[in-house]
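Heads up, the thing below is written out as C-alpha cells.
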Amino acid sequence: MVSCMGSVWVTLSLALACISGFSLTSAAWFRNGTVSFGIFLHCYGPTNAPCNQTCTMYRTLDEIPDVSWQIAAILLFTGWLLLVFGAVLILSWMLIPEGLCQRRVCTPARYAQTAAVVVTILGLLVFPFALDSAFAKVACGSSWIYYSGDCKLGWGFMMAIIAVMLSCLLPIIGRYNLNEIKMKIIISSMRESLLDIEDN
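Taken in order, the sequence shown gives residues 2 to 201; the numbers are from the numbering used here.
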C-alpha cells in the first residue's frame with residue numbers, strides 16, 4: 002500500500018518530468034518580436050501569433066549554433082532523462098512489495114532525482130552563455146553572456162527554472178517517504194512480537 006507521502010512523491014515526480022520535457026521542446030526561452038529560440042528549437046515570425054511562425058528543430062548537436070548551447074542542451078537533456086528515470090522507478094515502486102522499497106527502488110530514485118537537479122541547474126546556468134553566439138547576436142541585437150539585449154526571457158526558460166526548483170523537493174519527499182515506510186515496518190514487527198508474547 003502506498004502512503005500519502007508516496008502518492009505525493011509519485012505524482013510530483015511524473016508531473017515535473019512532463020513539465021521539464023515540455024519546457025525543453027519550447028522555443029520560448031528567449032524571444033523578441035520576430036524571433037524566439039529555446040534549447041532544441043527556434044522560430045521566426047510574429048511571436049504573438051504562433052500559428053504564423055516558421056520553426057526549425059535542432060535534430061543533432063551539430064545543428065545547434067554554439068558550443069555553450071550544445072553543452073547546455075546535453076546537460077538539460079541528461080537532467081530530464083534522469084528525472085524521467087527517477088519517476089519511472091518511483092512508479093514501479095507502487096507495484097512491488099513495501100519491504101523492497103529502500104534497497105532496490107527508493108534510494109536509487111532519490112539519487113537519480115538529486116543528480117537530475119544538479120545537472121539541470123548546471124544546464125540552466127550554462128545556457129545564457131549562448132547569448133554570446135552569432136545566432137543570438139542576430140536575433141537579440143547586442144546580447145552578451147547573461148545579457149539578452151533586445152530579447153526577453155520567455156516562459157519556457159521560466160518554466161524550466163520553476164520545475165528544477167520544485168524538483169529540489171523530490172529527494173526530500175523521497176527520504177520522508179522512506180522514513181514513513183521504515184516506521185510502518187517497525188510498528189508491524191513490534192505488533193507481531195507483542196502478539197507472539199501474548200500467545201505464549
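Every residue, glycine too, gets a C-beta built ideally from N, C-alpha and C.
From C107, L25, K153, pick the residue whose C-alpha is nearest to that of I75; which is it?
Closest in C-alpha terms to I75, from the list C107, L25, K153, comes L25.
Segment limits, alpha helix (DSSP H) that includes S168:
Element bounds for S168: 156–168.
Which residue spans inside the segment 45–98 form an unbroken alpha helix (DSSP H) run of at least 4?
Those alpha helix (DSSP H) runs which fall completely within the segment 45–98 and span 4+ residues are 68–94.
Nearest-angstrom beta carbon gap, F130 and S37 [assumed within contact, 8 Å]:
With 8 Å as the limit, S37 and F130 do not qualify as a contact, their Cβ atoms being about 19 Å apart.
Is it buried or exposed for A87, if we count other Cβ within 10 angstroms and need 16 for buried?
Before going on, a small fix: residue 87 reads as Gly here, not Ala. Around the CB of G87, 16 or more other CB atoms lie within 10 Å, so the residue is classed as buried.
Suppose you measure from the CA of V85 to the CA of R192; what does that come to, to the nearest Å?
Those two C-alpha atoms are separated by around 38 Å.
With a 10 Å radius around its C-beta and 16 neighbouring C-beta atoms as the bar for buried, classify I146 as buried or exposed.
It is exposed - the Cβ of I146 has fewer than 16 other Cβ atoms within 10 Å.
Just to confirm my understanding: we take A18, look at its own chain, exclude 5 residues before and 5 after, and list those with CB closer than 7 Å. What are they?
In the same chain as A18, and ignoring 5 residues on each side of it, the C-beta atoms closer than 7 Å to its own belong to L84, V85, A88, in chain order.
Just confirm the distance between the C-beta atoms of L125 and F31, as a whole number of angstroms; I'd bet it's less than 8 Å.
The pair is not a contact, with the Cβ atoms about 13 Å apart (cut-off 8 Å).
Is the beta carbon of P47 sitting closer than 8 Å to the one on F136?
The Cβ-Cβ distance between P47 and F136 does not fall below 8 Å.
By alpha-carbon positions, which one of S4, S8, S14, F78 ends up nearest to L170?
Minimum Cα distance to L170 is reached at S14.
What three-state label does DSSP hand Y112 in the structure shown?
When secondary structure is reduced to three states using DSSP, Y112 falls in the helix class.
Return the CA-CA distance between K138 and G34, expressed in angstroms with no decimal places.
One C-alpha to the other measures close to 15 Å.
Helix or strand or just coil, what does DSSP make of W10?
Assigned with DSSP and collapsed to three states, W10 falls in helix.
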